[in-house]
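Numbering (full-length UniProt numbering), first residue to last: 1 to 486.
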(Lines of atoms letter the chains of each structure in order from A; the text may use other names.)
(Lines give C-alpha, C1' and ligand atoms only; values in the text may rest on other atoms or scores of the structure.)
Protein backbone atom coordinates (compact mmCIF):
# COMPACT_ATOMS: atom_id res chain seq x y z
CA UNK A 1 0.00 0.00 0.00
CA UNK A 2 2.86 2.37 0.79
CA UNK A 3 4.46 1.78 -2.63
CA UNK A 4 1.10 2.35 -4.31
CA UNK A 5 0.69 5.61 -2.43
CA UNK A 6 4.20 6.69 -3.41
CA UNK A 7 3.56 5.94 -7.09
CA UNK A 8 0.33 7.96 -6.94
CA UNK A 9 2.15 10.90 -5.43
CA UNK A 10 4.69 10.81 -8.23
CA UNK A 11 2.01 10.92 -10.93
CA UNK A 12 2.04 14.16 -12.90
CA UNK A 13 -0.87 15.81 -14.73
CA UNK A 14 -0.67 16.00 -18.50
CA UNK A 15 -0.42 19.51 -19.94
CA UNK A 16 -3.29 20.69 -22.19
CA UNK A 17 -1.14 20.64 -25.33
CA UNK A 18 0.17 17.16 -24.53
CA UNK A 19 -3.47 16.04 -24.34
CA UNK A 20 -4.08 17.58 -27.74
CA UNK A 21 -1.08 15.87 -29.35
CA UNK A 22 -2.11 12.48 -27.96
CA UNK A 23 -5.77 12.44 -29.02
CA UNK A 24 -6.70 9.17 -30.81
CA UNK A 25 -6.04 9.49 -34.52
CA UNK A 26 -4.16 12.79 -34.10
CA UNK A 27 -0.79 11.67 -32.78
CA UNK A 28 2.10 13.99 -33.61
CA UNK A 29 5.69 12.69 -33.70
CA UNK A 30 9.12 14.27 -34.02
CA UNK A 31 11.55 12.34 -36.21
CA UNK A 32 15.32 12.90 -35.88
CA UNK A 33 17.83 11.24 -38.21
CA UNK A 34 21.43 11.16 -36.98
CA UNK A 35 24.15 10.23 -39.44
CA UNK A 36 27.29 8.78 -37.83
CA UNK A 37 30.84 8.61 -39.18
CA UNK A 38 31.36 5.16 -37.65
CA UNK A 39 29.23 2.05 -37.29
CA UNK A 40 26.93 2.33 -34.29
CA UNK A 41 27.41 0.00 -31.34
CA UNK A 42 23.96 -0.85 -29.89
CA UNK A 43 25.34 -1.79 -26.47
CA UNK A 44 27.12 1.57 -26.15
CA UNK A 45 23.98 3.49 -27.15
CA UNK A 46 21.82 1.49 -24.72
CA UNK A 47 24.22 2.12 -21.87
CA UNK A 48 24.37 5.81 -22.73
CA UNK A 49 20.58 6.13 -22.74
CA UNK A 50 20.41 4.44 -19.35
CA UNK A 51 22.67 7.12 -17.91
CA UNK A 52 20.97 10.09 -19.55
CA UNK A 53 17.62 10.10 -21.32
CA UNK A 54 15.59 7.84 -19.03
CA UNK A 55 16.53 10.00 -16.05
CA UNK A 56 14.20 12.60 -17.50
CA UNK A 57 10.71 12.11 -15.94
CA UNK A 58 8.85 12.17 -19.28
CA UNK A 59 11.07 9.47 -20.79
CA UNK A 60 10.47 7.10 -17.89
CA UNK A 61 6.69 7.55 -17.64
CA UNK A 62 3.64 6.13 -19.38
CA UNK A 63 1.04 8.51 -20.79
CA UNK A 64 -2.48 7.63 -19.63
CA UNK A 65 -4.81 9.79 -21.73
CA UNK A 66 -8.14 8.85 -20.14
CA UNK A 67 -9.68 8.02 -23.52
CA UNK A 68 -11.87 4.96 -23.85
CA UNK A 69 -12.92 2.79 -20.92
CA UNK A 70 -12.24 3.94 -17.40
CA UNK A 71 -12.06 7.61 -18.39
CA UNK A 72 -10.21 9.90 -16.05
CA UNK A 73 -7.86 12.82 -16.03
CA UNK A 74 -4.80 12.34 -18.30
CA UNK A 75 -1.59 11.82 -16.35
CA UNK A 76 2.01 10.68 -16.53
CA UNK A 77 2.66 7.53 -14.48
CA UNK A 78 6.30 6.68 -13.67
CA UNK A 79 7.36 3.20 -14.73
CA UNK A 80 10.44 1.02 -14.86
CA UNK A 81 12.05 1.41 -18.27
CA UNK A 82 13.76 -1.40 -20.11
CA UNK A 83 15.91 0.56 -22.55
CA UNK A 84 16.52 -2.50 -24.73
CA UNK A 85 12.82 -2.43 -25.67
CA UNK A 86 13.22 1.09 -27.04
CA UNK A 87 16.33 0.44 -29.16
CA UNK A 88 15.61 -1.45 -32.40
CA UNK A 89 18.38 -2.89 -34.57
CA UNK A 90 16.80 -4.23 -37.79
CA UNK A 91 18.56 -6.59 -40.16
CA UNK A 92 19.63 -4.84 -43.35
CA UNK A 93 21.10 -6.53 -46.40
CA UNK A 94 24.73 -5.31 -46.62
CA UNK A 95 24.57 -5.50 -50.43
CA UNK A 96 21.52 -3.26 -50.76
CA UNK A 97 21.56 -1.38 -54.08
CA UNK A 98 20.34 2.09 -53.08
CA UNK A 99 21.02 2.82 -49.37
CA UNK A 100 19.78 6.44 -49.55
CA UNK A 101 16.41 5.39 -50.96
CA UNK A 102 16.20 2.58 -48.39
CA UNK A 103 16.76 5.10 -45.58
CA UNK A 104 13.99 7.33 -46.93
CA UNK A 105 11.54 4.43 -47.15
CA UNK A 106 12.53 3.07 -43.74
CA UNK A 107 12.14 6.45 -42.06
CA UNK A 108 8.76 7.01 -43.73
CA UNK A 109 7.44 3.56 -42.76
CA UNK A 110 8.79 3.90 -39.19
CA UNK A 111 7.19 7.31 -38.76
CA UNK A 112 3.81 6.08 -39.97
CA UNK A 113 3.72 2.93 -37.82
CA UNK A 114 1.71 3.11 -34.57
CA UNK A 115 3.55 3.58 -31.28
CA UNK A 116 2.99 1.29 -28.27
CA UNK A 117 1.20 3.49 -25.71
CA UNK A 118 1.88 0.99 -22.94
CA UNK A 119 5.54 2.10 -22.87
CA UNK A 120 7.29 5.48 -22.64
CA UNK A 121 6.75 7.19 -25.99
CA UNK A 122 10.19 7.20 -27.56
CA UNK A 123 12.41 4.84 -29.55
CA UNK A 124 15.73 4.65 -31.40
CA UNK A 125 16.35 2.64 -34.58
CA UNK A 126 20.02 1.86 -35.23
CA UNK A 127 20.62 1.11 -38.91
CA UNK A 128 23.84 -0.56 -40.06
CA UNK A 129 23.54 1.24 -43.37
CA UNK A 130 26.26 3.12 -45.24
CA UNK A 131 24.73 6.09 -47.09
CA UNK A 132 26.14 8.97 -49.11
CA UNK A 133 26.75 11.03 -45.98
CA UNK A 134 27.20 8.51 -43.15
CA UNK A 135 28.67 5.13 -42.27
CA UNK A 136 25.61 4.28 -40.15
CA UNK A 137 22.36 5.96 -39.14
CA UNK A 138 20.28 6.31 -35.98
CA UNK A 139 16.63 7.36 -36.34
CA UNK A 140 14.82 8.56 -33.22
CA UNK A 141 11.07 8.97 -32.85
CA UNK A 142 9.56 11.03 -30.02
CA UNK A 143 5.88 11.53 -29.30
CA UNK A 144 5.06 15.25 -29.31
CA UNK A 145 3.38 14.96 -25.92
CA UNK A 146 6.91 14.58 -24.47
CA UNK A 147 7.69 18.18 -25.43
CA UNK A 148 7.93 20.57 -28.35
CA UNK A 149 10.48 20.12 -31.12
CA UNK A 150 12.96 22.65 -29.75
CA UNK A 151 13.03 21.15 -26.26
CA UNK A 152 13.32 17.60 -27.58
CA UNK A 153 16.16 18.52 -29.93
CA UNK A 154 17.95 20.38 -27.14
CA UNK A 155 17.53 17.41 -24.82
CA UNK A 156 18.92 15.06 -27.44
CA UNK A 157 21.93 17.35 -27.97
CA UNK A 158 22.42 17.42 -24.19
CA UNK A 159 23.25 13.70 -24.55
CA UNK A 160 26.13 14.54 -26.91
CA UNK A 161 29.66 15.78 -26.24
CA UNK A 162 32.30 17.70 -28.20
CA UNK A 163 34.78 15.70 -30.23
CA UNK A 164 37.64 17.98 -29.15
CA UNK A 165 36.60 17.73 -25.47
CA UNK A 166 34.67 14.51 -24.65
CA UNK A 167 33.53 15.94 -21.30
CA UNK A 168 32.13 19.22 -22.68
CA UNK A 169 28.60 19.89 -23.93
CA UNK A 170 28.14 21.25 -27.49
CA UNK A 171 28.01 25.00 -28.05
CA UNK A 172 25.90 26.99 -30.46
CA UNK A 173 26.52 30.24 -32.29
CA UNK A 174 27.01 32.93 -29.65
CA UNK A 175 24.67 35.94 -29.91
CA UNK A 176 26.23 39.20 -31.00
CA UNK A 177 26.99 41.64 -28.22
CA UNK A 178 25.24 44.97 -28.50
CA UNK A 179 27.41 48.07 -28.59
CA UNK A 180 27.40 50.42 -25.63
CA UNK A 181 25.17 53.46 -26.14
CA UNK A 182 24.51 56.74 -24.43
CA UNK A 183 21.84 56.40 -21.71
CA UNK A 184 19.61 59.06 -23.27
CA UNK A 185 19.82 57.53 -26.74
CA UNK A 186 19.26 54.06 -25.27
CA UNK A 187 15.99 55.25 -23.72
CA UNK A 188 14.87 56.85 -26.99
CA UNK A 189 15.77 53.67 -28.91
CA UNK A 190 13.90 51.55 -26.37
CA UNK A 191 10.84 53.80 -26.59
CA UNK A 192 10.88 53.70 -30.40
CA UNK A 193 11.27 49.91 -30.29
CA UNK A 194 8.24 49.70 -27.99
CA UNK A 195 6.12 51.82 -30.34
CA UNK A 196 7.14 49.70 -33.36
CA UNK A 197 6.43 46.48 -31.45
CA UNK A 198 2.94 47.63 -30.48
CA UNK A 199 2.18 48.76 -34.04
CA UNK A 200 3.42 45.58 -35.72
CA UNK A 201 1.71 43.40 -33.10
CA UNK A 202 -1.67 45.04 -33.80
CA UNK A 203 -1.20 44.72 -37.56
CA UNK A 204 0.06 41.12 -37.60
CA UNK A 205 -2.49 39.87 -35.05
CA UNK A 206 -5.31 41.52 -37.02
CA UNK A 207 -4.08 39.83 -40.18
CA UNK A 208 -3.93 36.46 -38.42
CA UNK A 209 -7.49 36.79 -37.09
CA UNK A 210 -8.76 37.85 -40.51
CA UNK A 211 -6.99 34.88 -42.10
CA UNK A 212 -8.79 32.46 -39.77
CA UNK A 213 -12.17 34.00 -40.61
CA UNK A 214 -11.90 33.87 -44.38
CA UNK A 215 -11.01 31.24 -47.01
CA UNK A 216 -7.37 30.24 -46.93
CA UNK A 217 -4.63 29.93 -49.52
CA UNK A 218 -5.14 29.67 -53.25
CA UNK A 219 -5.47 26.07 -54.40
CA UNK A 220 -2.31 25.16 -56.33
CA UNK A 221 0.01 22.20 -56.82
CA UNK A 222 1.25 22.71 -53.24
CA UNK A 223 -2.21 22.51 -51.69
CA UNK A 224 -5.34 20.41 -51.98
CA UNK A 225 -9.04 21.10 -51.72
CA UNK A 226 -10.19 22.65 -48.42
CA UNK A 227 -11.32 20.15 -45.81
CA UNK A 228 -8.96 17.38 -46.90
CA UNK A 229 -6.92 15.66 -44.19
CA UNK A 230 -3.23 15.95 -44.94
CA UNK A 231 -0.31 14.14 -43.41
CA UNK A 232 3.27 13.75 -44.54
CA UNK A 233 4.11 10.25 -45.76
CA UNK A 234 7.55 10.75 -47.32
CA UNK A 235 10.72 12.04 -45.66
CA UNK A 236 13.81 13.12 -47.62
CA UNK A 237 16.86 15.25 -46.83
CA UNK A 238 19.79 16.77 -48.69
CA UNK A 239 22.98 18.40 -47.39
CA UNK A 240 24.55 21.61 -48.70
CA UNK A 241 27.48 23.80 -47.55
CA UNK A 242 26.62 26.49 -45.00
CA UNK A 243 29.21 28.79 -46.59
CA UNK A 244 26.99 29.16 -49.69
CA UNK A 245 24.30 30.75 -47.53
CA UNK A 246 26.81 32.90 -45.66
CA UNK A 247 28.21 34.25 -48.94
CA UNK A 248 24.76 35.51 -49.95
CA UNK A 249 24.14 36.77 -46.42
CA UNK A 250 27.35 38.83 -46.35
CA UNK A 251 26.85 40.20 -49.86
CA UNK A 252 23.33 41.43 -49.06
CA UNK A 253 24.00 42.39 -45.42
CA UNK A 254 21.15 40.20 -44.17
CA UNK A 255 20.73 37.25 -41.82
CA UNK A 256 21.08 33.55 -42.53
CA UNK A 257 17.37 33.12 -41.84
CA UNK A 258 16.51 35.78 -44.45
CA UNK A 259 18.56 33.95 -47.08
CA UNK A 260 17.10 30.55 -46.20
CA UNK A 261 13.53 31.80 -46.34
CA UNK A 262 14.24 33.60 -49.62
CA UNK A 263 15.82 30.43 -51.02
CA UNK A 264 12.70 28.43 -50.11
CA UNK A 265 10.39 31.01 -51.69
CA UNK A 266 12.42 31.01 -54.89
CA UNK A 267 12.43 27.21 -55.08
CA UNK A 268 8.69 26.96 -54.48
CA UNK A 269 8.04 29.65 -57.11
CA UNK A 270 10.05 27.77 -59.72
CA UNK A 271 8.31 24.51 -58.77
CA UNK A 272 4.84 26.02 -59.23
CA UNK A 273 5.93 27.68 -62.47
CA UNK A 274 7.12 24.37 -63.88
CA UNK A 275 4.01 22.49 -62.78
CA UNK A 276 1.77 25.17 -64.29
CA UNK A 277 3.86 25.06 -67.45
CA UNK A 278 2.95 21.40 -67.85
CA UNK A 279 -0.75 22.26 -67.54
CA UNK A 280 -2.18 22.80 -71.02
CA UNK A 281 -5.08 24.89 -69.64
CA UNK A 282 -2.68 27.52 -68.28
CA UNK A 283 -1.99 30.09 -71.03
CA UNK A 284 0.69 32.08 -69.16
CA UNK A 285 2.17 30.34 -66.08
CA UNK A 286 4.03 33.50 -64.97
CA UNK A 287 0.84 35.57 -64.79
CA UNK A 288 -1.02 32.75 -63.07
CA UNK A 289 1.74 32.49 -60.47
CA UNK A 290 1.57 36.21 -59.68
CA UNK A 291 -2.10 35.93 -58.71
CA UNK A 292 -1.82 33.21 -56.08
CA UNK A 293 -1.81 33.71 -52.30
CA UNK A 294 0.12 31.33 -50.04
CA UNK A 295 1.05 31.37 -46.35
CA UNK A 296 3.49 29.42 -44.24
CA UNK A 297 3.36 28.58 -40.54
CA UNK A 298 6.49 29.15 -38.47
CA UNK A 299 6.76 27.93 -34.86
CA UNK A 300 8.54 29.99 -32.19
CA UNK A 301 10.02 28.64 -28.98
CA UNK A 302 8.64 30.69 -26.05
CA UNK A 303 10.70 29.01 -23.35
CA UNK A 304 12.92 31.64 -21.70
CA UNK A 305 15.50 29.10 -20.47
CA UNK A 306 17.37 27.60 -23.42
CA UNK A 307 20.58 26.66 -21.63
CA UNK A 308 21.65 23.18 -22.70
CA UNK A 309 23.50 22.73 -19.39
CA UNK A 310 20.18 22.86 -17.55
CA UNK A 311 18.79 20.07 -19.72
CA UNK A 312 21.88 17.98 -19.05
CA UNK A 313 21.37 18.61 -15.32
CA UNK A 314 17.72 17.64 -15.66
CA UNK A 315 18.75 14.18 -16.84
CA UNK A 316 21.16 14.04 -13.92
CA UNK A 317 18.16 14.99 -11.73
CA UNK A 318 17.81 18.11 -9.68
CA UNK A 319 17.25 20.77 -12.36
CA UNK A 320 14.08 22.83 -12.45
CA UNK A 321 14.41 23.76 -16.12
CA UNK A 322 11.03 24.54 -17.67
CA UNK A 323 9.73 21.67 -19.79
CA UNK A 324 6.75 20.85 -21.96
CA UNK A 325 5.10 22.25 -25.07
CA UNK A 326 5.72 25.99 -24.94
CA UNK A 327 5.40 27.13 -28.54
CA UNK A 328 3.67 29.87 -30.48
CA UNK A 329 3.23 30.27 -34.20
CA UNK A 330 3.09 33.04 -36.79
CA UNK A 331 1.53 33.14 -40.24
CA UNK A 332 4.00 34.29 -42.89
CA UNK A 333 2.90 35.28 -46.43
CA UNK A 334 4.98 33.50 -49.05
CA UNK A 335 6.39 35.56 -51.92
CA UNK A 336 5.71 33.06 -54.72
CA UNK A 337 6.08 35.27 -57.78
CA UNK A 338 7.89 35.22 -61.10
CA UNK A 339 10.92 37.38 -60.37
CA UNK A 340 13.65 38.03 -62.93
CA UNK A 341 16.00 39.09 -60.11
CA UNK A 342 16.57 36.01 -57.94
CA UNK A 343 17.74 38.19 -55.03
CA UNK A 344 14.30 39.81 -54.81
CA UNK A 345 13.09 36.71 -52.96
CA UNK A 346 15.65 37.38 -50.24
CA UNK A 347 14.68 41.06 -50.00
CA UNK A 348 11.02 40.13 -49.61
CA UNK A 349 11.97 37.53 -47.02
CA UNK A 350 13.84 40.15 -45.00
CA UNK A 351 10.88 42.56 -45.16
CA UNK A 352 8.53 39.87 -43.90
CA UNK A 353 10.87 38.59 -41.19
CA UNK A 354 11.62 42.08 -39.89
CA UNK A 355 7.90 42.71 -39.36
CA UNK A 356 7.42 39.40 -37.58
CA UNK A 357 10.43 39.98 -35.30
CA UNK A 358 8.84 43.24 -34.17
CA UNK A 359 5.48 41.67 -33.29
CA UNK A 360 4.22 39.62 -30.35
CA UNK A 361 2.19 37.36 -32.63
CA UNK A 362 3.81 34.15 -31.23
CA UNK A 363 2.73 35.09 -27.69
CA UNK A 364 -0.76 35.96 -28.93
CA UNK A 365 -1.15 32.65 -30.79
CA UNK A 366 0.03 30.70 -27.74
CA UNK A 367 -2.38 32.61 -25.54
CA UNK A 368 -5.23 32.06 -27.99
CA UNK A 369 -4.66 28.30 -28.07
CA UNK A 370 -4.34 28.14 -24.28
CA UNK A 371 -7.52 30.19 -23.72
CA UNK A 372 -9.45 28.11 -26.23
CA UNK A 373 -8.22 24.94 -24.51
CA UNK A 374 -9.26 26.22 -21.09
CA UNK A 375 -12.73 27.38 -22.12
CA UNK A 376 -13.78 25.01 -24.89
CA UNK A 377 -11.49 21.97 -24.49
CA UNK A 378 -9.16 19.97 -26.71
CA UNK A 379 -11.71 19.38 -29.48
CA UNK A 380 -12.08 23.12 -30.06
CA UNK A 381 -8.30 23.59 -30.17
CA UNK A 382 -7.98 20.70 -32.60
CA UNK A 383 -10.57 22.32 -34.89
CA UNK A 384 -8.78 25.66 -34.60
CA UNK A 385 -5.42 24.13 -35.54
CA UNK A 386 -7.00 22.23 -38.43
CA UNK A 387 -8.41 25.54 -39.60
CA UNK A 388 -4.95 27.14 -39.47
CA UNK A 389 -2.95 24.29 -40.98
CA UNK A 390 -5.68 23.31 -43.43
CA UNK A 391 -5.74 26.81 -44.90
CA UNK A 392 -1.97 27.30 -45.19
CA UNK A 393 0.55 25.85 -47.60
CA UNK A 394 3.56 24.77 -45.58
CA UNK A 395 5.33 24.65 -42.22
CA UNK A 396 8.81 26.15 -42.14
CA UNK A 397 11.46 26.07 -39.44
CA UNK A 398 15.16 26.86 -39.19
CA UNK A 399 17.04 25.18 -36.33
CA UNK A 400 20.52 26.31 -35.27
CA UNK A 401 22.71 23.29 -34.53
CA UNK A 402 26.12 22.81 -32.89
CA UNK A 403 28.98 24.95 -34.18
CA UNK A 404 31.54 22.18 -33.49
CA UNK A 405 31.58 18.46 -34.29
CA UNK A 406 29.97 16.31 -31.59
CA UNK A 407 29.58 12.64 -30.73
CA UNK A 408 26.54 10.65 -29.67
CA UNK A 409 27.68 8.24 -26.97
CA UNK A 410 31.09 7.96 -28.60
CA UNK A 411 29.83 7.95 -32.21
CA UNK A 412 31.01 10.96 -34.19
CA UNK A 413 28.05 12.67 -35.86
CA UNK A 414 28.10 13.51 -39.56
CA UNK A 415 24.74 15.33 -39.75
CA UNK A 416 21.39 15.77 -37.98
CA UNK A 417 18.03 15.99 -39.79
CA UNK A 418 14.77 16.72 -37.96
CA UNK A 419 11.13 16.62 -39.06
CA UNK A 420 7.58 16.07 -37.80
CA UNK A 421 4.66 13.78 -38.58
CA UNK A 422 0.97 14.18 -37.82
CA UNK A 423 0.65 17.90 -38.58
CA UNK A 424 -2.04 18.39 -41.26
CA UNK A 425 0.28 19.92 -43.85
CA UNK A 426 1.26 18.73 -47.31
CA UNK A 427 4.74 20.26 -46.97
CA UNK A 428 6.91 20.50 -43.85
CA UNK A 429 10.35 22.02 -44.47
CA UNK A 430 12.88 22.10 -41.64
CA UNK A 431 16.46 23.31 -42.14
CA UNK A 432 19.04 22.23 -39.56
CA UNK A 433 22.59 23.52 -39.34
CA UNK A 434 25.49 21.39 -38.15
CA UNK A 435 29.07 22.77 -38.10
CA UNK A 436 29.65 23.80 -41.75
CA UNK A 437 26.59 22.02 -43.21
CA UNK A 438 22.93 22.74 -43.79
CA UNK A 439 20.53 19.82 -43.84
CA UNK A 440 17.32 20.47 -45.77
CA UNK A 441 14.64 18.08 -44.55
CA UNK A 442 11.35 17.74 -46.45
CA UNK A 443 8.27 15.87 -45.26
CA UNK A 444 5.59 15.78 -47.94
CA UNK A 445 2.29 14.22 -48.83
CA UNK A 446 3.01 12.34 -52.05
CA UNK A 447 -0.58 12.80 -53.23
CA UNK A 448 0.07 16.55 -53.35
CA UNK A 449 3.81 16.70 -54.10
CA UNK A 450 4.72 13.49 -55.99
CA UNK A 451 8.28 14.63 -56.76
CA UNK A 452 9.85 15.86 -53.47
CA UNK A 453 13.42 15.32 -54.74
CA UNK A 454 12.79 17.65 -57.67
CA UNK A 455 11.34 20.28 -55.33
CA UNK A 456 14.37 20.01 -53.05
CA UNK A 457 16.71 20.31 -56.06
CA UNK A 458 14.95 23.49 -57.16
CA UNK A 459 15.40 25.01 -53.71
CA UNK A 460 19.11 24.19 -53.75
CA UNK A 461 19.48 25.48 -57.35
CA UNK A 462 17.84 28.73 -56.23
CA UNK A 463 20.61 29.15 -53.65
CA UNK A 464 23.26 28.59 -56.35
CA UNK A 465 21.62 31.26 -58.49
CA UNK A 466 21.57 33.64 -55.51
CA UNK A 467 25.24 32.97 -54.82
CA UNK A 468 26.14 33.79 -58.43
CA UNK A 469 23.96 36.92 -58.45
CA UNK A 470 25.42 38.07 -55.12
CA UNK A 471 29.01 37.63 -56.39
CA UNK A 472 28.17 39.72 -59.47
CA UNK A 473 26.72 42.37 -57.17
CA UNK A 474 29.96 42.49 -55.16
CA UNK A 475 32.07 42.74 -58.33
CA UNK A 476 29.89 45.55 -59.67
CA UNK A 477 30.12 47.47 -56.38
CA UNK A 478 33.91 47.03 -56.41
CA UNK A 479 34.16 48.38 -59.98
CA UNK A 480 32.02 51.42 -59.12
CA UNK A 481 34.22 52.13 -56.09
CA UNK A 482 37.39 51.93 -58.19
CA UNK A 483 35.92 54.28 -60.81
CA UNK A 484 35.05 56.81 -58.10
CA UNK A 485 38.62 56.79 -56.75
CA UNK A 486 40.03 57.10 -60.25
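Glycine residues also receive a C-beta, built at the ideal position from the N, C-alpha and C atoms.
- For residue 260 and residue 80, the gap between their C-alpha atoms comes out near 44 Å.
- Under DSSP, the beta-bridge partners assigned to residue 141 are 31 and 123.
- Where residue 109 is concerned, the enclosing alpha helix (DSSP H) starts and stops at 99 to 112.
- DSSP places residue 199 within a helical segment (H, G or I) once states are collapsed to three.
- The continuous beta strand (DSSP E) containing residue 239 extends over residues 234 to 241.
- Comparing alpha carbon positions, the residue from 416, 447, 422 and 123 closest to residue 432 is 416.
- Proximity of the region 138 to 156 to the region 24 to 41 meets the contact definition, three or more beta-carbon pairs being nearer than 8 Å.
- With contacts defined as CB atoms closer than 8 Å, residue 145 and residue 63 qualify as a contacting pair.
- The beta-carbon distance between residue 444 and residue 426, rounded to whole angstroms, is 6 Å. This is short enough to meet the 8 Å contact definition.
- Scanning the UniProt domain "O-acyltransferase WSD1 C-terminal" (323 to 467) for uninterrupted alpha helix (DSSP H) segments of 4 residues or longer gives 344 to 357, 361 to 376 and 378 to 390, listed from N- to C-terminal end.
- Of all alpha-carbon atoms in 240, 377, 150 and 223, the one lying nearest the alpha-carbon of residue 300 is that of 150.
- Non-local C-beta neighbours of residue 355 in its own chain, meaning closer than 6 Å and more than five positions away in sequence, comprise 200, ordered along the chain.
- In this chain, the beta strand (DSSP E) harbouring residue 61 covers 61 to 64.
- Annotated three-state conformation of residue 160 is strand, per DSSP.
- If you look at residue 75, you'll find it in the beta strand (DSSP E) that goes 75 to 78.
- Sorting 377, 87 and 100 by C-alpha distance to the C-alpha of residue 120 places 87 at the top.
- By the C-beta density criterion, residue 296 is buried, having at least 16 other C-beta atoms within 10 angstroms.
- Short of 8 Å from the beta carbon of residue 352, and not among the five residues preceding or following it, lie these beta carbons of its own chain, in chain order: 261, 332, 333 and 335.
- Excluding its 5 nearest sequence neighbours in each direction, residue 115 has C-beta neighbours in its own chain below 8 Å: 27, 29, 121, 123, 141 and 143, listed in chain order.
- Selection 203, 406 and 197 evaluated against residue 357 yields 197 as nearest (Cα-Cα).
- Nearest to residue 460 by alpha-carbon distance, out of 436, 214, 395 and 263, is 263.
- Of all alpha-carbon atoms in 101, 57, 214 and 126, the one lying nearest the alpha-carbon of residue 43 is that of 126.
- Residue pairing of residue 136 in beta bridges, as defined by DSSP: 36.
- Each of 84, 451 and 414 was checked against the Cα of residue 47, and the nearest Cα belongs to 84.
- Distance from residue 343 to residue 212 at the Cβ level is roughly 33 Å; contact not present, criterion being Cβ atoms closer than 8 Å.
- In the DSSP assignment, residue 296 falls within the unbroken beta strand (DSSP E) covering 294 to 301.
- Rounded to whole angstroms, residue 215 and residue 414 show a C-alpha spacing of 44 Å.
- With three or more CB-CB distances shorter than 8 Å, the region 231 to 241 counts as touching the region 435 to 449.
- Residues of the same chain with a CB within less than 8 Å of the CB of residue 118, apart from the 5 flanking positions on each side, are 62 in chain order.
- With a cutoff of 8 Å on beta-carbon distance, residue 346 and residue 248 are scored as near each other.
- Less than 8 Å divides the Cβ of residue 208 from the Cβ of residue 361.
- Under the DSSP definition of a beta bridge, residue 88 partners with 125.
- In the three-state reduction of the DSSP assignment, residue 267 falls in the helix class, which pools H, G and I.
- In summary, residue 429 is buried, with 16 or more beta-carbon neighbours lying within 10 Å of its beta-carbon over all protein chains present.
- The beta-carbon distance between residue 393 and residue 217, rounded to whole angstroms, is 5 Å. This is short enough to meet the 8 Å contact definition.
- Rounded to the nearest angstrom, the gap between the Cα atoms of residue 39 and residue 91 is 14 Å.
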